[in-house]
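Colleague: Chains as they are written, first to last, in my numbering: chain A, 1 to 244; chain G, 1 to 244. Glycine residues also receive a C-beta, built at the ideal position from the N, C-alpha and C atoms.
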DNA sequence: TGAATTTGGTGCAAATATGCGGAATTGATT
DNA sequence: AATCAATTCCGCATATTTGCACCAAATTCA
């Protein structure tokens, strides 16, 4: 298998228990004491499956679930302490793939993880980028409608020029990796060979300005290209203070 | 190269034209008169790249594309006779890597095939070392994400320059053997560089400094080259006392 | 031990990459 | 023709990386 799993639970014992069981099955696991920490890590580099405890310091598991679902269809398994929570999960369709009520059998959880991942693999093939039937894709508070070729930021219309639209769409569809300048030139401008031009930088520049107030940010991979990432608290605090 | 390419087009002339051009560049090609035949062959034994005509007897290229995408991310290049189809491809983003409108230049198609395959290789990486689906490879407490081109040390971001990144990636991928200076120059600086032999030492030197606090160490093979090894207790005790 | 060779460390300067503002160009519309 | 928006080009400031010179340290071999 060799999949990456993020686990959020404030109980060290449970985290370690899960880790040891999952790692025995050759999953790679990273544990987080809070859902917020997990979400931050996920925003930076997504994983293949998420295990979320409901009751945690900071935001609870339901909140984190919703946050992740804004941008991703990664399988999520919830852990609850109370049966009432389980009812809640079932009642509201929050988009979790399964839930377990504590205390649970680690063996069962592992087999659930396996089956969920297998199903996921069958469906998506391999990509983790979320795209709905309507042709909608989104990242952070930005949504792009492929059919109407329009974008929204936080629900509001978000005007983009054709090049900006193409660039943003490409970045969002490939959120999980860095994209080189040559690839951008190839995909968006259609240049065959490596022409020495900086048009890509120009569009990145303008797009950056436009999304400066959004939850997304275009990070520079020095000597290579760019990558779309979530904007963190530090981002806004440090260099980039834009007010217009 | 030695990559396998499947081509589906009901026009024998085009198939053979493509085959001859691609085989001249030492690709292996298999042609199919219909998309269904190609899909059947692909299901049985996948190839490295697919070229699909849109208009074909039986199911059309779009349908085959979707079929293949259900299970695979293999690069796919579409051939269309009409501009309207091209628009359609662009609009719907069905997951093809590129499209050509007939008539097209075989030379351009070949160069496109090359660049697509190169990119694919870049992303997937090509190591004999265990690698996860996410493109993560690791050694000691260092992890390299080939997709995002970023590294972490003990979970923390670990900034590397392009050369350092390339070197470290190469060392990790070839952890099981010593690597000569000439090999490093070949693989990282390229064959045709007219630089001093010592430039490799320069990057090794800088990388050593950066990983001095990690569980890894670059050992010198005197008169030959280098090799990445685990740092042992003696290592820290003897020469390397790092304090900062 | 001592000379020759190879490797490691410091510092600097050249080369390269990036970001940004503004000018020039293109293209569509009036 | 004039205007406007979008895109590209240009040049500069800045930041980063990289190659190289020079010398010290280590290794080999006689």
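1) Quick one, which of 184/A, 77/A, 214/A has its alpha-carbon nearest residue 202/A's?
2) Per the DSSP calculation, residue 4/A is bridged to which residue(s)?
3) So which of 152/G, 21/G, 51/G has the shortest CA-CA distance to residue 210/G?
4) Any idea if residue 13/A is buried or exposed, counting beta-carbon neighbours within 10 angstroms, 16 or more meaning buried?
5) Assign residue 63/G to one of three DSSP states: helix, strand, or coil.
6) Could you give the distance in angstroms between the alpha-carbon of residue 22/A and the alpha-carbon of residue 172/G?
7) Judging by CA-CA distance, which residue of 208/G, 189/G, 119/G, 42/G is the nearest neighbour of residue 32/G?
8) Tell me, please, whether the CB atom of residue 69/A is closer than 9 Å to any CB atom in chain G?
9) If you pair each beta-carbon of the stretch 36-52 of chain A with each one of the stretch 68-77 of chain A, do three or more pairs fall below 8 Å?
10) Under a Cβ-count criterion, where at least 16 other Cβ atoms within 10 Å of its own Cβ denotes burial, should residue 77/A be classed as buried or exposed?
11) I need the straight-line Cα distance from residue 221/G to residue 187/G, nearest angstrom please.
12) Taking the alpha-carbon positions, what's the residue 59/A to residue 100/A distance?
13) Please check if any C-beta of chain G sits within less than 9 Å of the C-beta of residue 178/A.
14) Cutting at 6 Å between CB atoms, please list the residues of its own chain near residue 158/G, excluding the five before and the five after it.
15) Measuring only the C-alpha atoms, how far is residue 115/A from residue 50/A?
16) Who does residue 145/A pair with in a DSSP beta bridge?
17) Rounded to whole angstroms, what is the Cα-Cα separation between residue 36/G and residue 225/A?
18) Report back the beta-carbon spacing between residue 102/A and residue 79/A to the nearest angstrom; my notes put them in contact at under 8 Å.
19) Can you list, in chain order, the residues of its chain with a C-beta nearer than 6 Å to that of residue 208/G? Leave out the 5 residues immediately preceding and following it.
20) Verify the CB distance criterion: does residue 145/G have a CB-CB separation below 9 Å to chain A?
21) Spell out the partners DSSP gives residue 98/A in its beta bridges.
22) Which residue from 213/G, 227/G, 143/G, 197/G puts its Cα closest to that of residue 176/G?
23) By Cβ distance below 8 Å, which residues in the same chain neighbour residue 117/A in space, the five residues on each side in sequence not counted?
24) Is it buried or exposed for residue 204/G, if we count other Cβ within 10 angstroms and need 16 for buried?
25) Count the other CB atoms, across all protein chains shown, that sit within 10 Å of the CB of residue 181/A; report buried if there are 16 or more and exposed otherwise.
26) List, in chain order, every chain A residue whose beta-carbon is nearer than 7 Å to that of residue 119/G.
27) Nearest CA to the CA of residue 120/G: which residue from 147/G, 105/G, 107/G?
28) Need the endpoints of the beta strand (DSSP E) that residue 51/A sits in, please.
29) Using a 10 Å radius around the Cβ and a threshold of 16 neighbouring Cβ atoms, would you call residue 112/G buried or exposed?
30) Between the Cα of residue 9/G and those of 26/G, 164/G, 30/G, spot the shortest distance and give me the residue it belongs to.
31) Taking its Cβ as the centre, do 16 or more other Cβ atoms sit within 10 Å of residue 164/A, making it buried, or is it exposed?
32) Between residue 173/G and chain A, is there a C-beta pair that is closer than 9 Å?
33) Between residue 250/G and the rest of its own chain, which residues show a CB-CB distance below 6 Å, the 5 nearest in sequence each way excluded?
34) Output yes or no for whether 9 Å exceeds the beta carbon distance between residue 189/G and residue 178/G.
35) Could you confirm whether any beta carbon from chain A is found closer than 9 Å to the beta carbon of residue 215/G?
Modeller: Walking through what the data contain:
1) Working through the first chain from its first residue, we reach residue 202/A at position 202. Of 184/A, 77/A, 214/A, the residue nearest in Cα terms is 184/A.
2) Here residue 4/A refers to the residue found at position 4 of the first chain. Beta-bridge pairing links residue 4/A to 28/A.
3) Taking the second chain and counting its residues from 1, the one referred to as residue 210/G is at position 210. When each option's Cα is compared against that of residue 210/G, the closest is 152/G.
4) Position 13 of the first chain holds residue 13/A. Label assigned to residue 13/A: exposed.
5) Residue mapping note: residue 63/G aligns to position 63 of the second chain, counting from 1. DSSP, reduced to helix, strand and coil, places residue 63/G within a helical segment of the structure shown.
6) Numbered from 1 along the first chain, position 22 holds the residue referred to as residue 22/A. Numbered from 1 along the second chain, position 172 holds the residue referred to as residue 172/G. C-alpha separation (whole angstroms): 25 Å.
7) Residue numbering aside, residue 32/G sits at position 32 when the second chain is read from its first letter. Residue 42/G is the option with its Cα nearest to residue 32/G.
8) Counted from its first residue, the first chain places residue 69/A at position 69. Residue 69/A does not count as touching chain G.
9) In short, these stretches touch, since the Cβ pair count reaches three.
10) In the first chain, counting from the first residue as 1, residue 77/A sits at position 77. In summary, residue 77/A is buried, with 16 or more beta-carbon neighbours lying within 10 Å of its beta-carbon over all protein chains present.
11) Numbered from 1 along the second chain, position 221 holds the residue referred to as residue 221/G. Numbered from 1 along the second chain, position 187 holds the residue referred to as residue 187/G. For residue 221/G and residue 187/G, the distance between alpha carbons rounds to 18 Å.
12) Taking the first residue of the first chain as 1, we reach residue 59/A at position 59. Taking the first residue of the first chain as 1, we reach residue 100/A at position 100. Each residue's CA atom was taken as its position, placing residue 59/A and residue 100/A some 19 Å apart.
13) Start at 1 with the first residue of the first chain, and residue 178/A comes out as number 178. It does: the Cβ of residue 178/A has a partner Cβ on chain G nearer than 9 Å.
14) The residue you call residue 158/G lines up with position 158 of the second chain. Closer than 6 Å at Cβ, skipping near neighbours: 151, 152.
15) Locating residue 115/A in the first chain gives position 115, where the first residue counts as 1. Locating residue 50/A in the first chain gives position 50, where the first residue counts as 1. Spanning the two alpha carbons is a distance of roughly 14 Å.
16) On the first chain, residue 145/A is found 145 positions in, with the first residue counted as 1. Residue 145/A pairs with 136/A, 150/A.
17) As a working note, residue 36/G is residue 36 in the second chain. As a working note, residue 225/A is residue 225 in the first chain. Rounded to whole angstroms, residue 36/G to residue 225/A spans 38 Å at the Cα level.
18) For the purposes of this step, residue 102/A is taken as residue 102 along the first chain, with counting starting at 1. For the purposes of this step, residue 79/A is taken as residue 79 along the first chain, with counting starting at 1. A Cβ-Cβ distance of about 6 Å is found for the pair residue 102/A and residue 79/A, placing them in contact under the 8 Å criterion.
19) In the second chain, counting from the first residue as 1, residue 208/G sits at position 208. For residue 208/G, where only same-chain residues beyond five positions count, the Cβ hits under 6 Å are 218.
20) Your numbering for residue 145/G matches position 145 in the second chain. At a cut-off of 9 Å between beta carbons, residue 145/G contacts chain A.
21) Mapped onto the first chain, residue 98/A falls at position 98. The bridge partners DSSP lists for residue 98/A are 77/A.
22) What you label residue 176/G is simply residue 176 of the second chain in a count that begins at 1. The option with the nearest alpha carbon to residue 176/G is 227/G.
23) The residue given as residue 117/A occupies position 117 in the first chain. Cβ within range, chain order: 1, 3, 48, 49, 75.
24) For the purposes of this step, residue 204/G is taken as residue 204 along the second chain, with counting starting at 1. Its Cβ being crowded by 16 or more others within 10 Å, residue 204/G is buried.
25) Within the first chain, the letter at position 181 stands for residue 181/A. With 16 or more neighbouring CB atoms inside 10 Å of its own CB, residue 181/A falls in the buried class.
26) Here residue 119/G is taken as the residue at index 119 of the second chain, counted from 1. Within chain A, the residues near residue 119/G are 183.
27) The residue you call residue 120/G lines up with position 120 of the second chain. Closest option to residue 120/G, Cα to Cα, is 147/G.
28) Against the first chain, residue 51/A aligns to sequence position 51. Counting along the chain, residue 51/A sits inside the beta strand (DSSP E) bounded by residues 49-53.
29) Numbered from its first residue, the second chain carries residue 112/G at position 112. With a 10 Å radius around the Cβ and a threshold of 16 neighbouring Cβ atoms, residue 112/G comes out buried.
30) Within the second chain, numbered from 1, the residue matching residue 9/G stands at position 9. For the residues 26/G, 164/G, 30/G, the minimum Cα distance to residue 9/G belongs to 30/G.
31) By one-based count along the first chain, residue 164/A stands at place 164. The residue is buried, with at least 16 neighbouring Cβ atoms inside 10 Å.
32) In the second chain, residue 173/G corresponds to position 173, counting from 1. No, no contact with chain A.
33) Outside the displayed span of chain G (1 to 244) sits residue 250/G, for which this structure offers no information.
34) Taking the second chain and counting its residues from 1, the one referred to as residue 189/G is at position 189. Taking the second chain and counting its residues from 1, the one referred to as residue 178/G is at position 178. Not closer than 9 Å, so no.
35) Counting from 1 along the second chain, the entry for residue 215/G is found at position 215. Not an interface residue.
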